[in-house]
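Trainee:
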Amino acid sequence: MTFTENLTSWYSVNKRDFPWRNTTDPYRIWLSEIILQQTQIKQGLPYYQAFVKRFPKVYDLAQASQDDVLKLWQGLGYYSRARNLHETAKHVAFELDGVFPTSYSELLKLKGVGDYTASAIASICFNEPKAVLDGNVYRVLSRYFGVDAPINTTSGFKVFRALAQDNLDVQNPAMYNQAIMDFGATQCTPKKAACNTCPLITACTAYSTGTVSELPVKIKAKKPKNRYFNFLVYLSKDKKTIVEQRKANGIWKHLYQFPLIESEKALPYNALKDRLDSELKVDFDLRLYNKQDVVHKLSHQHLHTKFWIIDLNQLPQKGISIAQLSHYAVPVVIENFIKDFNF
DNA sequence: AAAACGGGGAC
DNA sequence: GTCCCAGTTTT
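Numbering (this note's numbering), first residue to last: 132 to 474.
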């Protein structure tokens, strides 16, 4: 049996059941693929179910506000996905009469849809013979064929894309693409690969050369940068606080937060007290909520976070009632604080 | 070509 | 701690 035949045979027995595998509706396939970008199924599944329930059709998503979409996306990360999701929904609903493009090349033009996602939708929904190339596929191909080109370089990408396309089952690209991804996710795993029960073992290059744990090759990421965040949690006598929307490019764009002072290093109590004295010009009580910095770790940044509680009679600017806080999409580090603080 | 972009899970 | 995840966009 060929690599491809072996794989589809394995899939016919070991296929996992997911809600997006019971449909070829491009809206739902697209939605699942965006949610699952750089996201494990275990984490993404509840979000998929929530989105389908809240927005059953692309038109429902198109009519929503960005704030509502971001709120439903809250906690999933990579928030540009949610912004692009909403933009594309509006584009499809209002300019394409609610009909998704039906080819790889047209799908690729949609915001948030790259090579992987266009291939996935084109193959799963329209049987177009385009091989997907995701983290699972890199791993399976690199090991089986013994390819040590780094997967996160342009040259490596070309090698693997050609290899992926060469081995695609052009008669059934939908099944093949899902088979190789499922195989990578459950059998040919990053660590502790299940070689002892692998149907491809006799022809696997990495297994025969003892290099399973060394493949695929990936250029290491840089060390994350340290940043120091001071969130100002205003608290007035009439149970109000202040939130603001992050407007700039960068992390958490368009999410909400307590007013933020970023400092070069840890901000001393007195430095903040003096600064607020001159800015507020009213009586207030300042205290640090967390004695230890909350270190919120992102892929490229470690955020050393302090939450400062500012009690005063009246807010210095327009605020919102504490009761409304739960309606705003906030970063996880803020959501954790809100739960812990319990207002 | 490299960097930016989140958060959670496995080990 | 380190690595990875049904990647895409921006610089």
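Ideal Cβ positions, reconstructed from N, Cα and C, are used throughout, including at glycine.
I'd like the ranges of any alpha helix (DSSP H) spanning at least 4 consecutive residues and lying wholly in the stretch 234–283.
Mentor: The stretch 234–283 contains these whole alpha helix (DSSP H) runs: 235–238, 246–257 and 266–276.
Trainee: Thinking C-beta only, is residue 352 closer than 7 Å to residue 346?
Mentor: Not in contact: residue 346 and residue 352 (Cβ atoms no closer than 7 Å).
Trainee: Fully enclosed by the stretch 382–459, which alpha helix (DSSP H) runs are 4 residues long or longer?
Mentor: If we require 4 residues or more, the alpha helix (DSSP H) runs fully inside the stretch 382–459 come out as 400–411.
Trainee: Please report the distance separating the alpha-carbon of residue 374 from that of residue 307.
Mentor: Cα-Cα distance, rounded: 48 Å.
Trainee: Measure the beta-carbon distance from residue 363 to residue 460 and round it to whole angstroms, keeping in mind my assumption that it falls under 8 Å.
Mentor: The pair is not a contact, with the Cβ atoms about 19 Å apart (cut-off 8 Å).
Trainee: Using the rule of at least 16 other Cβ atoms within 10 Å of the residue's Cβ for burial, across every protein chain shown, is residue 400 buried or exposed?
Mentor: It is exposed - the Cβ of residue 400 has fewer than 16 other Cβ atoms within 10 Å.
Trainee: Using DSSP with H/G/I as helix, E/B as strand and the rest coil, what is residue 461?
Mentor: Coil.
Trainee: Check the DSSP bridge columns for residue 182 and list the partner residues they point to.
Mentor: Its beta-bridge partners do not exist; DSSP assigns none.
Trainee: Based on Cα-Cα distance, which residue from 457, 343 and 382 lies nearest to residue 431?
Mentor: When each option's Cα is compared against that of residue 431, the closest is 382.
Trainee: If I follow the unbroken beta strand (DSSP E) through residue 190, where does it start and stop?
Mentor: Element bounds for residue 190: not the beta strand (DSSP E) but the alpha helix (DSSP H), 189–194.
Trainee: To the nearest angstrom, how far is it from the Cα of residue 321 to the Cα of residue 271?
Mentor: If I take the Cα positions, the gap works out to 10 Å.
Trainee: Report yes if the C-beta distance between residue 189 and residue 213 is below 7 Å; otherwise report no.
Mentor: No, Cβ-Cβ distance for residue 189 and residue 213 is not below 7 Å.
Trainee: By the three-class DSSP mapping on this structure, what secondary structure does residue 476 have?
Mentor: The structure shown does not extend to residue 476, since the chain is modelled only from 132 to 474, so the question has no answer here.
Trainee: Out of curiosity, what's the CA-to-CA distance linking residue 288 and residue 223?
Mentor: Each residue's alpha carbon lies about 30 Å from the other.
Trainee: Pick helix, strand or coil for residue 209, following the three-state DSSP scheme.
Mentor: Residue 209: coil per DSSP, three-state reduction.
Trainee: Rounding to the nearest angstrom, what Cα-Cα distance links residue 391 and residue 207 in this structure?
Mentor: Taking the straight line joining both Cα atoms gives about 22 Å.
Trainee: For residue 361, which beta-bridge partners are listed by DSSP?
Mentor: DSSP lists 392 and 437 as partners of residue 361.
Trainee: Kindly list the residues whose CB is nearer than 6 Å to the CB of residue 193, restricted to its own chain and excluding five residues on each side of it in sequence; keep chain order.
Mentor: Here the set comprises 220, 221 and 224.
Trainee: Using only the alpha-carbon positions, how far apart do residue 249 and residue 467 sit?
Mentor: If I take the Cα positions, the gap works out to 35 Å.
Trainee: Tell me whether residue 472 is buried or exposed, calling it buried when 16 or more other Cβ atoms sit within 10 Å of its Cβ.
Mentor: Counting Cβ neighbours within 10 Å, residue 472 comes out exposed, since fewer than 16 surround it.
Trainee: Tell whether a beta-carbon distance below 7 Å holds between residue 456 and residue 441.
Mentor: No, the Cβ-Cβ distance between residue 456 and residue 441 is not below 7 Å.
Trainee: For residue 304, which of 449, 255 and 398 has the nearest alpha-carbon?
Mentor: Answer by Cα proximity: 255.
Trainee: So, under 8 Å CB-CB, residue 367 and residue 283 are touching, yes? Tell me the CB distance rounded to an integer number of Å.
Mentor: In fact, because the Cβ distance is near 49 Å, the residues do not count as touching under 8 Å.
Trainee: Across which residues does DSSP place residue 466 in a beta bridge pair?
Mentor: Looking at the DSSP assignment, residue 466 forms no beta bridge with any residue, so it has no partner.
Trainee: Can you grab the Cα-Cα spacing for the pair residue 144 / residue 331, in whole Å?
Mentor: Answer to the nearest angstrom: the Cα atoms are 14 Å apart.
Trainee: Do you know offhand how far residue 449's Cα is from residue 411's?
Mentor: Residue 449 and residue 411: Cα-Cα distance of roughly 14 Å.
Trainee: Could you tell me the alpha carbon to alpha carbon distance between residue 286 and residue 295, rounded to whole angstroms?
Mentor: Looking at the two C-alpha atoms, the distance is approximately 14 Å.
Trainee: Taking 7 Å as the threshold (C-beta atoms), are residue 360 and residue 393 in contact?
Mentor: The answer is yes: Cβ separation under 7 Å.
Trainee: Using a Cβ-Cβ cutoff of less than 7 Å, which residues in the same chain neighbour residue 199 once the five nearest sequence positions on both sides are dropped?
Mentor: Hits under 7 Å: none found.
Trainee: Quick one: grab the DSSP three-state call for residue 135.
Mentor: If DSSP states are grouped into helix, strand and coil, residue 135 belongs with the helices.
Trainee: State yes or no: is the C-beta of residue 134 within less than 7 Å of the C-beta of residue 327?
Mentor: Cβ distance not < 7 Å, so residue 134 and residue 327 don't count as in contact.
Trainee: So, with DSSP's three-state summary, where would you put residue 168?
Mentor: Coil at residue 168, not helix or strand.
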